[in-house]
Amino acid sequence: MNDNKTEKIYYRIIFRLASALSVGSGENRYSDNDLVRDSAGDPFIPGTSLAGIYRSLLEKKDADKYFGTAKNENQGDKSKILVYDAKLRYAGDKDCHSRSIRDCVGLDQWKTSKTGCKFDFEVIEPEAEFITYLEQNLEKGDKEVSYKLAMAWRNHQIHIGSKTMRGLGSIKDVAVCCKRFNLAEQAELNQWLDFDMYREEDWNGTELQEICKMENDPKNFISLEYRLRQKSGISIRRYTTQASTEKVQPDAQQLTCILGKNGEEIPYIPGTSWAGTFRHHMERLASGCTEEYFGNCERRSRIRFHESFIKGAFYKVLTRNAVDRFTGGVVDNALFTEKMWYGGETVLQIEIPAKTDVRFQQALAASMVDLHMGLLSVGGFTAIGRGIFEGVSLLIDQNPVSISENIEAMYMEILKKLERR
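Numbering (the numbering used here), first residue to last: 54 to 474.
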């Protein structure tokens, strides 16, 4: 590149949510932590949130140079890259996205569970489509860091919002377009003056097709993709809190979300449920093996559990005698109804650090085998046969593992592939 020329580079990024998104505003009109909304009431992702993600993808010296620094109260370096809010692409069409309230356990000031306290937060459900932009002024001696950031989108390395290590904020179906103008050339200068970033036709024929890994960024995690088939019903409950005069609602039902314009109801397993299940089981196998990796009140988890959507399942509404949770006895003249899902398939995706100790690897390998054998189950009522799955296929860093009833052979093959090559 000629060092004397100045370029204007623009990227347009369109993406869909692969999992629910939580970008909180701190307000509590609909939940304990509502989504950030614009003046029209539509949720969006602030540019400040995206800028923070971009900074984390760069070396510190590049992050400070291109995204600015604050030297003191009155001085600082201005950002050389403009980061735009990510807006819902079809904000006015309510059929193109849905929102819901999710429950979690309330925490105290020490980040431990608070007895008798529940915390809920608002999310945008999967399949919502967003659009955002990046703009860089490329001057003499500058790196084209905007290209690296655009490729991070293309490689699905971007995770947005809160609880990203438990499956929220994942993306898919990313389309990246690029326009660049050499302002030293009069013809391109005129084109730039006529360019409207928000005009659809100005991006025709500019989509990038390549997928390029970021330089000097070796893969620092091992990915596991475990395809599972249901062998029993699943019970990760969302309790009914609203009465309806038009339709009788079950007392409790499996967590579900509404996907797509057709409003299909899909049961799912949150990343938090998977994380709790594996942590508890692995601790039973090798006490203390999870402390360094699953996080605590002082440090973030180093393991990412994605949400699992159960496809092809059907539901039944079951009625039984209501049980007193304190005495374990039947409540007189009371029934309890529950909506359950059966017969589906799902995928468990886990990303673990590239380097883990032997005890952690052994416990994880054994847990993967136990999940296939039905000895590790997820959700509630596991003591009466709920939440049991069997393995269909397993990939570790895209390398297949043989699924069989030979427990020892399957365990040794998983353990071997968990070792960093």
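C-beta atoms are modelled at their ideal positions from N, C-alpha and C, and glycine is treated no differently.
Under the 8 Å Cβ criterion, the stretch 302 to 318 does not count as touching the stretch 339 to 350, having fewer than three qualifying pairs. Around the beta carbon of Tyr251, fewer than 16 other beta carbons lie within 10 angstroms, which makes this residue exposed.
Shown here, Asp249 sits in coil according to DSSP, grouped into three states, outside any helix or strand.
Scanning its chain for C-beta atoms nearer than 7 Å, with the 5 sequence neighbours on each side dropped, one finds around Asp95 the residues Leu141 and Ala144, in chain order.
In this structure His334 is buried. Its beta-carbon is surrounded by 16 or more other beta-carbon atoms within 10 angstroms.
From the listed residues Ala240, Ala418, Ile154 and Ser288, the smallest Cα separation to Thr435 is found for Ser288.
For the alpha helix (DSSP H) assignment, the uninterrupted runs of no fewer than 4 residues enclosed by the stretch 135 to 221 are, from N- to C-terminal side, 198 to 207. Contact annotation: the stretch 313 to 322 does not touch the stretch 457 to 470, with fewer than three C-beta pairs closer than 8 Å. Going by DSSP, Glu398 is part of no alpha helix (DSSP H) but of the beta strand (DSSP E) stretching over Glu398 to Pro406. In the displayed model, Tyr464 falls within a helix according to three-state DSSP. Sequence-distant Cβ neighbours of Ala416 in its own chain, meaning closer than 7 Å and more than five residues away, are Met335, Leu338, Ala339 and Cys342. CA-to-CA, the gap between Gly222 and Ser457 works out to about 34 Å. The DSSP assignment places complete alpha helix (DSSP H) segments of no fewer than 4 residues inside the stretch 270 to 356 at 324 to 338, in order along the chain.
Take Ala71, set aside five residues on each side of it, and the residues of its chain with a beta-carbon closer than 7 Å to its own are Pro179, Ser223, Ile224 and Lys225, in chain order. With 16 or more other Cβ atoms from the protein chains shown falling within 10 Å of its own Cβ, Arg155 counts as buried.
In the DSSP annotation of this structure, the continuous segment of the alpha helix (DSSP H) that includes Arg412 starts and ends at Val411 to Met426.
Each residue's CA atom was taken as its position, placing Ile311 and Phe442 some 23 Å apart. The three-state reading of DSSP puts Ala366 in coil, since its state is none of H, G, I, E or B. Following the DSSP letters along the chain, one finds Gly258 in no alpha helix (DSSP H), marked with neither H nor E. Judged by DSSP secondary structure, Leu447 falls within the beta strand (DSSP E) whose first and last residues are Phe442 to Ile449. Boundaries of the beta strand (DSSP E) around Leu388: Val383 to Tyr395.
Burial state of Phe120 is buried, judged by a 10 Å Cβ sphere holding 16 or more other Cβ atoms.
Inclusion of Ser361 and Ile403 in the CB contact set at 7 Å is not warranted, their separation being larger than that value. For Lys61, the uninterrupted beta strand (DSSP E) segment begins and ends at Glu60 to Leu70. CA-to-CA, the gap between Glu398 and Arg280 works out to about 7 Å. Contact between the stretch 241 to 258 and the stretch 194 to 207 is absent: fewer than three C-beta pairs spanning the two stretches fall below 8 Å. In this structure, the CA atom of Lys364 is about 21 Å from the CA atom of Glu182. Here Pro453 is exposed. Its C-beta has fewer than 16 other C-beta atoms within 10 Å. Cβ neighbours of Tyr395 within its own chain (closer than 7 Å, five residues either side excluded): Gln283, Gly286, Ala366, Phe367 and Lys369.
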